[in-house]
Structures are given as C-alpha cells and as structure tokens.
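There are 2 protein chains.
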Amino acid sequence: MAINQDTFTGEYSYTIDAKGRVNIPAKFRQSLAPENNNTFVITRGMDPCIWVYPLTVWQFIEDNLKELSAVSSINRSFIRATARYASPVKYDKQGRIILSSQLLDYAKLDKDALIIGMINKIEIWSADELEKIEKQTTEMDSSAYDELSDKIIL
Amino acid sequence: MAINQDTFTGEYSYTIDAKGRVNIPAKFRQSLAPENNNTFVITRGMDPCIWVYPLTVWQFIEDNLKELSAVSSINRSFIRATARYASPVKYDKQGRIILSSQLLDYAKLDKDALIIGMINKIEIWSADELEKIEKQTTEMDSSAYDELSDKIIL
DNA sequence: AAGAATTACCCACGATTACCCACAATATAT
DNA sequence: ATATATTGTGGGTAATCGTGGGTAATTCTT
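One line per chain: the protein sequences are A and B, in this order. Counting from 3, one number per residue, gives the positions in the first sequence under the working numbering. Counting from 3, one number per residue, gives the positions in the second sequence under the working numbering.
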C-alpha cells in the first residue's frame, strides 16, 4: 500500500533492454495513484534526461497550456516545444515502459539507466551525464545551493 | 505512552545484521506519533551519518520542495540531491528498519551502530566517524560553540 | 492485398525482498 | 523472588521483483 500518492524519492539502477524497455521501480509504481491507470507521460527533461510524469500531473500541465492564447507566436512556440516530445506510456505486466530511440538519444542513454525520484516526477539519467551536470551546476552556484538547504532542510 | 511526540533524545548502541537491519530504539518508537504509521524516512545526513525522519516531518520537507520552480537548474539540482537518497521505511514487527548498502557505505557503517536522538530526527553513526567529526568541528569553531551554549542552555 | 516490420501482450526464471517465527536477555509486575 | 511481558537479534520461507525472450496482433510498405 502506498503511503504517499504520486510522490517519488530514491535512486535505482536498471537496465534498458534491446527493445528499449526499462522497469519503473516497484516502489514508484506503488506510489502512482490509481486514477493514473498505470500510465506515465514521458518527455525531454530540461536537463539531458528523460522526465516521467504521472498522467494526472501531466494533464495539469496540459490544462495550463490550453489557457495560452494561440495568437502570440511565443505561445505557439512554447506549446509546440512542450507538446512535441511528450507521449503517454502504460507500463506492462512486468512494470516496464518503452522509451523511444529519440528520447534515448536525447538523454544519451544506452544500456544502464539511473532512475531518480524527484518528488512529483521521475528522471531517467545516464550516470555519466548526471555526474557531469551535477558537477557543473553545483560548482556554478554553491551559495544559492546553501541558501536552499538552509531554508528547506530540517 | 509517549510523553513528547516526535521528539528524540538519548544515545543507543545496536548491531546491524547481515540483512542490513537495525533496531529503532523502543523509546524512539514510542515517541513516534501514530499518524506516522510506524514509518520513518531515511537519507544521507549532512554529516557522514544516516538521518532518520518521522514520515510527517519528511513530508514537510517535501512540501517545501514542491514550492520550488523546476525552471531553475539550481532548484532542480537541489531537489535531486535531496530526494535522491531518501526512502520511506516501515519498521517490522520486531522494530527494525532496513538500511540500503548505499547508505551504509555513505555512513561508513559496518556492524555496530550508534543511534542518537536529535530532537526532531534521529542519526545513525559509526562510532569512529562520529568521534572524528566531533573533534574536527568543535576544534575548528569553539567560540561559536560557546556562544550557542550561552544562548540556549539554562 | 500481401508481405515486412513493428508493437503489444504473455510466459519463464533467478535473485531479492517482505513477512513470519524463534529465542535469549532484559525489564516490569505481582 | 518468581512470573510475565518486552526488547534485541537471528534465521527461514513464500511472495515479489527485475530481466530475458516468444508469439500474436497491428501497422506500414509496396
């Protein structure tokens, strides 16, 4: 039984098989609220990784997009960029989803995947890429990072 | 019956068994408020130890994380670093939780664990590491330490 | 419309985990 | 002091999980 619906934490290593399938960690599947109907929406992350949203969370994003007027070209561009790479995926009886080769390329994923719970979504990383990005980001702005710790960690 | 809900004090020595299980001191279990449902959240401490939060306290941290915009890369990095090593654990009928080998490695824990009440959370230490860190920290900044004593101790 | 390629769904199996019971040692109550 | 309950520690077993592959259905191509 899930304690905290649609909330994801923890880090897991899984393998991507020849068909592009990866397991969604069992704990995450249990955290997924039933109204999601075993479905996530996968898309490009803002970092070089794959973002995996519970369906209902993604629908909330879609609702926001619908509010945007299509008259403004910036709006159209934004809607395009957001919608373009997203697709819903239902995990199979073994708990796996299929990743398209486009997304795999984008995240530089090959055989090994690092799956990280990001509270309201999930990220799928190549270990190398993650290390690179993390180093870059934390070095660039360590004072902002400390400030956040101060404000949030109990 | 617990006198003071979700407040932990005292120091206890326990053994970690072959399956990575450690006992949560009975006193701490009794201090855990019922709405936690016998569940803690374990994660990396800021020191080389394991932090153990009552579930409800951790959920407060999660709520804070949810407020952060995912547009800023520092924010994403911070959420990642915070969520990544955290996992909820329910203690078993004997009062034990399971520690992952990742966390055991991080805290340099082997067979013997020192469990310390830290008021609103619990820490699990290797005795050697604790001594080392304590020596380091208090030597480095003894005046700040005295100032705190002055302000807080009655 | 037929063949080729892709996708969806099913089964299998070793490894891991969750859950149960056991028991000695300590603490509490009578 | 003796009996009773609780606590800390160890181990066993059944269920679950992660991963590989196979076959039928669907889609695409020509």
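Even glycine gets a Cβ: it sits at the ideal position worked out from N, Cα and C.
| Other residues of its chain near alanine 28/B: CB distance less than 6 Å, five sequence neighbours each side excluded | Hits under 6 Å: none found.
| message | Less than 8 Å between C-beta atoms, sequence neighbours within five positions excluded: which residues of the same chain meet that for leucine 70/A? | response | Asn77, Phe80, Ile81, listed in sequence order.
| query | Are the beta-carbon atoms of lysine 110/B and proline 36/B separated by less than 8 Å? | reply | In this structure, proline 36/B does not lie closer than 8 Å to lysine 110/B by Cβ.
| If you measure from the beta carbon of serine 71/B to each beta carbon in chain A, is any gap under 8 Å? | In terms of beta-carbon proximity, serine 71/B stays away from the interface with chain A, with every pair separated by 8 Å or more.
| request: Would you mind sorting arginine 86/A into buried or exposed? The rule is 16 or more other CB atoms within 10 Å of its CB. | output: It is exposed - the Cβ of arginine 86/A has fewer than 16 other Cβ atoms within 10 Å.
| query | Between the beta-carbon of isoleucine 125/A and the beta-carbon of tryptophan 53/A, is there less than 8 Å? | reply | In the sequence on display, residue 125/A carries glutamate and not isoleucine. With respect to tryptophan 53/A, glutamate 125/A sits close: the two C-beta atoms are nearer than 8 Å.
| First and last residue of the alpha helix (DSSP H) that includes lysine 153/A? | Where lysine 153/A is concerned, the enclosing alpha helix (DSSP H) stretches over 144-154.
| said: Under DSSP, the beta strand (DSSP E) around serine 102/A begins and ends at which residues? | reply: It is not in any beta strand (DSSP E) - serine 102/A carries neither H nor E in the DSSP assignment.
| So what does DSSP say about leucine 116/B, is it helix, strand or coil? | In the structure shown, the three-state DSSP call for leucine 116/B is strand.
| Using a C-beta cutoff of 8 Å, does methionine 3/B count as contacting chain A? | At methionine 3/B, the pLDDT of 43 sits below 50, so the modelled position is not reliable and the matter cannot be decided from this model.
| query | From the beta carbon of phenylalanine 30/B, is the nearest beta carbon of chain A less than 8 Å away? | reply | Not closer than 8 Å to any Cβ of chain A, the Cβ of phenylalanine 30/B fails to qualify, so no.
| message | Once DSSP output is grouped into helix, strand and coil, what is the label at threonine 139/B? | response | For threonine 139/B, the secondary structure class from DSSP, reduced to helix, strand or coil, is helix.
| Which whole-angstrom value describes the C-beta separation of serine 128/A and glycine 22/A, a residue pair presumed to lie in contact below a C-beta threshold of 8 Å? | Between glycine 22/A and serine 128/A the Cβ distance is about 14 Å, and since that is not below 8 Å, they are no contact.
| task | Work out the CA separation of isoleucine 100/B and isoleucine 121/A for me, nearest whole Å. | result | If you take the alpha carbons of isoleucine 121/A and isoleucine 100/B, they lie about 22 Å apart.
| query | Does the beta-carbon of valine 73/A have 16 or more other beta-carbons within 10 angstroms, so that it is buried, or is it exposed? | reply | Residue environment: valine 73/A is assigned as exposed (fewer than 16 neighbouring CB atoms within 10 Å of its CB, all protein chains considered).
| request: Kindly say whether isoleucine 44/A, judged by its beta-carbon, lies nearer than 8 Å to any beta-carbon of chain B. | output: No, because no Cβ of chain B sits closer than 8 Å to the Cβ of isoleucine 44/A.
| Using CA coordinates, which residue listed in Thr17/A, Ala83/A, Phe10/A is at the minimum distance from glycine 47/A? | Nearest neighbour of glycine 47/A by Cα position, chosen from Thr17/A, Ala83/A, Phe10/A, turns out to be Ala83/A.
| field | Chain-order list of residues whose beta-carbon lies under 7 Å from that of alanine 4/B (same chain, five-residue window excluded) | value | Reliability of the predicted coordinates at alanine 4/B is poor, the pLDDT of 47 falling under 50, and no value is obtained from them.
| field | Own chain residues within Cβ distance below 7 Å of glutamine 7/A, not counting five before or after | value | The beta carbon of glutamine 7/A sits closer than 7 Å to the beta carbons of Ser33, Ala35 from its chain, once the five residues preceding and following it are set aside; these are given in chain order.
| request: Assuming leucine 105/B contacts isoleucine 44/B (C-beta within less than 8 Å), just tell me the rounded distance between them. | output: Indeed, because the Cβ distance is near 6 Å, the residues count as touching under 8 Å.
| request: Say whether chain A places a C-beta atom closer than 8 Å to the C-beta of arginine 82/B. | output: Closer than 8 Å to some Cβ of chain A, the Cβ of arginine 82/B qualifies, so yes.
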